[in-house]
Amino acid sequence: MASQVLVAANRGPLSYALDADGTLSSRRGGGGLVSGLSAALAAQPEALWICAALSDADREAVRRGVSEPGVRMLDIDPEVYDDAYNGIANSVLWFTHHHLYDVPREPVFDAAFRRRWDSYTAYNQAFAEALAEEAAEGASVLVQDYHLALVPGALRELRPDLRIAHFTHTPWASREFLDMLPDDIRSQLVWGMLGADRLGFHTWGWADNFISGATMDDVRGVASAFFPRDGQSGVHHRRTTADGSGYGEKRFTAVTQYPLGVDEEDLRTLAHRPEVDDKLAALRAEVGDRRTIVRVDRTELSKNVLRGLLAYRELLTVHPEWRGRVVHLASAYPSRQDLEVYRAYTASVRELAAEINEEFGTEDWQPVLLSVQDDFARSLAAYRLADVALINPVRDGMNLVAKEIPVVSEAGCALVLSTGAGAYEELRGDALTVSPYDVSATAAALHEALSMPPAERAERTKRLAAAATALPPAAWFTAQLDALRG
Numbered sequence: 000m001a002s003q004v005l006v007a008a009n010r011g012p013l014s015y016a017l018d019a020d021g022t023l024s025s026r027r028g029g030g031g032l033v034s035g036l037s038a039a040l041a042a043q044p045e046a047l048w049i050c051a052a053l054s055d056a057d058r059e060a061v062r063r064g065v066s067e068p069g070v071r072m073l074d075i076d077p078e079v080y081d082d083a084y085n086g087i088a089n090s091v092l093w094f095t096h097h098h099l100y101d102v103p104r105e106p107v108f109d110a111a112f113r114r115r116w117d118s119y120t121a122y123n124q125a126f127a128e129a130l131a132e133e134a135a136e137g138a139s140v141l142v143q144d145y146h147l148a149l150v151p152g153a154l155r156e157l158r159p160d161l162r163i164a165h166f167t168h169t170p171w172a173s174r175e176f177l178d179m180l181p182d183d184i185r186s187q188l189v190w191g192m193l194g195a196d197r198l199g200f201h202t203w204g205w206a207d208n209f210i211s212g213a214t215m216d217d218v219r220g221v222a223s224a225f226f227p228r229d230g231q232s233g234v235h236h237r238r239t240t241a242d243g244s245g246y247g248e249k250r251f252t253a254v255t256q257y258p259l260g261v262d263e264e265d266l267r268t269l270a271h272r273p274e275v276d277d278k279l280a281a282l283r284a285e286v287g288d289r290r291t292i293v294r295v296d297r298t299e300l301s302k303n304v305l306r307g308l309l310a311y312r313e314l315l316t317v318h319p320e321w322r323g324r325v326v327h328l329a330s331a332y333p334s335r336q337d338l339e340v341y342r343a344y345t346a347s348v349r350e351l352a353a354e355i356n357e358e359f360g361t362e363d364w365q366p367v368l369l370s371v372q373d374d375f376a377r378s379l380a381a382y383r384l385a386d387v388a389l390i391n392p393v394r395d396g397m398n399l400v401a402k403e404i405p406v407v408s409e410a411g412c413a414l415v416l417s418t419g420a421g422a423y424e425e426l427r428g429d430a431l432t433v434s435p436y437d438v439s440a441t442a443a444a445l446h447e448a449l450s451m452p453p454a455e456r457a458e459r460t461k462r463l464a465a466a467a468t469a470l471p472p473a474a475w476f477t478a479q480l481d482a483l484r485g
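No gaps in the numbering here: position 111 of the sequence shown is 110 in numbering that gives the first Met the number 0, and each next residue is one more.
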């Protein structure tokens, strides 16, 4: 049965496990975005979520024809998938959009890169073909994230009748970093995105970056920008014909912001489950009556965990009055450990935390309580215990942790927030804002946050929580769907 609403994303709303006896079992995916999209799609008739099979068990489920209503998994060759996901999406596009390159050494675009780009193209084409096959006439298709940046253009060629949207959950690269890509690759990337009717980003900053990059003189075809911020900012464009003799149909791609928020009711329910209460009791036993500085991140290079630890060390150095009176609850979950640069970064986080504990710790006080286990219940317990939240990414599409902690912090928390977070635009008025590179300023902000009067902290937390919950995931998705249909 053809679908009227389709979502395409690398990760789906469920995954499979394969038991020793060959039995397949499924479980629902976690995370606020998956939950929000699932809830929004549940209200849509004939909705379908298309995703990649990520594990051997997922691929086995596809081969056996096992599926659940509203979900279609694609069994993409594992080598093609690895090239596309790790070789391009996470090693090229992620680094480009987050400005993470060590420029004297990176990037290197050689024959191996071209081979991986071919896999990325094939991976996107597989999604486009599946969407074209499953979509009803005039259906609405909402494509998610940088893994699938070429899907809108490929799908437009297959099914020009469809309404197509794409949302990028990362930042979009500045023109300087987009220029690093080979000319033909940059052109494919931009024109792939411009196949959509609507493009969404978390902030106007990322949206403006896309518009600027899409109107570069050397992008194939013709493109002209239209900037007014009234909901119809975007790009007028038309492509050259295949034989170069003229121009194709002139089109307009709207580019706008949809700043994703958190679901207050759902988050509070999760944060008060019995297992979270148990973790909270254990943390309180370790922390005692000391103040807490909380951060929860993956050990992702853009999250800036190392500079955060350096700022905490400087706080204890410059303001020795906090020694023995504060604990840094740092959750840094290992991320992308199949890439060497991430393994090295995770090791550096462990080493620096150990150095701080060795330098300042006493028999009854450990300055840093570092967790490198993916423990969601412990993270929620830390949220509830937070007096100060430290969120200092170098560059981040949104950063939902900055929004989640004020919602569930029991005593209210002061938010130290870097200008690199997408959430900065919404939360800057009630946060203590710092440059992500300025360790001394971050240390000073931590001191100010710890010294903030309780009444002021409570009022700031209330306003931060209101901003954080303004556009929860289901409403965020529905707003984009309504705009696409409109």
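Yeah, the Cβ is synthetic: ideal placement off N, Cα and C, and Gly gets one too.
Rounded to the nearest angstrom, what separates residue i and residue j at their Cα positions?
i: A7; j: A51; result: 9 Å
i: R155; j: G137; result: 12 Å
i: L149; j: L73; result: 17 Å
i: A444; j: A376; result: 28 Å
i: N208; j: A38; result: 31 Å
i: R484; j: L161; result: 10 Å
i: I355; j: R267; result: 33 Å
i: D182; j: V189; result: 11 Å
i: R228; j: R312; result: Per-residue confidence for R228 stands at a pLDDT of 46, beneath the threshold of 50, marking its modelled position as unreliable; the derived number appears in the next sentence. Between R228 and R312, the C-alpha separation is close to 43 Å.
i: Q43; j: V4; result: 7 Å
i: R10; j: E248; result: 34 Å
i: R71; j: L92; result: 26 Å
i: Y18; j: A172; result: Before going on, a small fix: residue 18 reads as Asp here, not Tyr. Whole-angstrom Cα-Cα distance: 43 Å.
i: K402; j: A110; result: 42 Å
i: Q231; j: P170; result: 20 Å
i: D374; j: E350; result: 21 Å
i: F359; j: P366; result: 7 Å
i: L206; j: R185; result: Correcting the residue identity first, residue 206 is Ala in this sequence and not Leu. Answer to the nearest angstrom: the Cα atoms are 17 Å apart.
i: I87; j: Y100; result: 14 Å
With the cut-off set at 7 Å, would you say residue i and residue j are in Cβ contact?
i: A381; j: V261; result: no
i: T441; j: A310; result: yes
i: L193; j: T252; result: yes
i: V340; j: V304; result: no
i: I163; j: A135; result: no
i: D428; j: A457; result: Correcting the residue identity first, residue 428 is Gly in this sequence and not Asp. No, these two residues do not count as a Cβ contact at 7 Å.
i: F176; j: H98; result: yes
i: S301; j: R394; result: yes
i: V65; j: A121; result: no
i: A466; j: L426; result: yes
i: G212; j: R174; result: yes
i: Y15; j: D57; result: yes
i: V433; j: A413; result: no
Can you tell me whether DSSP reads residue i as helix, strand or coil?
i: R484; result: helix
i: F359; result: helix
i: F375; result: helix
i: Q187; result: helix
i: E132; result: helix
i: S24; result: strand
i: A385; result: coil
i: M72; result: strand
i: V33; result: helix
i: F209; result: helix
i: L193; result: coil
If I measure Cβ to Cβ from residue i and keep anything under 8 Å in the same chain, skipping five residues before and after, which residues do I get?
i: A478; result: Y257, L470
i: R158; result: L130, A131, A134
i: F166; result: L141, V142, Q143, D144, L198, G199, F200, Y257, Q479
i: E264; result: none
i: V488; result: The displayed coordinates of the chain run from 0 to 485. Any statement about residue 488 would go beyond what the structure contains.
i: D216; result: The predicted position of D216 is uncertain, since its pLDDT is 47 and thus under 50; no value can be drawn from it.
Take residue i and list the residues in its own chain whose beta-carbon comes closer than 6 Å to its own, dropping the five residues that flank it on each side.
i: V295; result: S330, S378, V400
i: L389; result: I292, R294, G307, V415
i: E424; result: T202
i: M397; result: H201, L259, G421, A422
i: Q124; result: A153
i: Q336; result: R342
In terms of residues, what are the limits of the alpha helix (DSSP H) holding residue i?
i: Y145; result: Here Y145 belongs to no alpha helix (DSSP H), and DSSP marks it neither H nor E.
i: V406; result: 400-407
i: H96; result: 93-96
i: D296; result: Segment 290-297 is the beta strand (DSSP E) holding D296; no alpha helix (DSSP H) there.
i: L438; result: With the sequence shown as reference, residue 438 is identified as Val, and Leu is not the correct amino acid for it. V438 -> alpha helix (DSSP H) spans 438-450.
i: R10; result: Where R10 is concerned, there is no enclosing alpha helix (DSSP H), given that its DSSP letter is neither H nor E.
Could you check where the beta strand (DSSP E) with residue i kicks off and where it finishes?
i: D337; result: Note, D337: premise wrong, no beta strand (DSSP E); not H, not E.
i: L416; result: 413-417
i: L369; result: 367-370
i: F200; result: 197-200
i: R155; result: Premise fails: R155 lies in the alpha helix (DSSP H), 150-157, not in any beta strand (DSSP E).
Looking only at its chain, what residues have a beta carbon closer than 7 Å to the beta carbon of residue i, apart from the 5 residues adjacent to it on each side?
i: R289; result: R324, V325, V326
i: G419; result: P392, V393, R394, D395, P435
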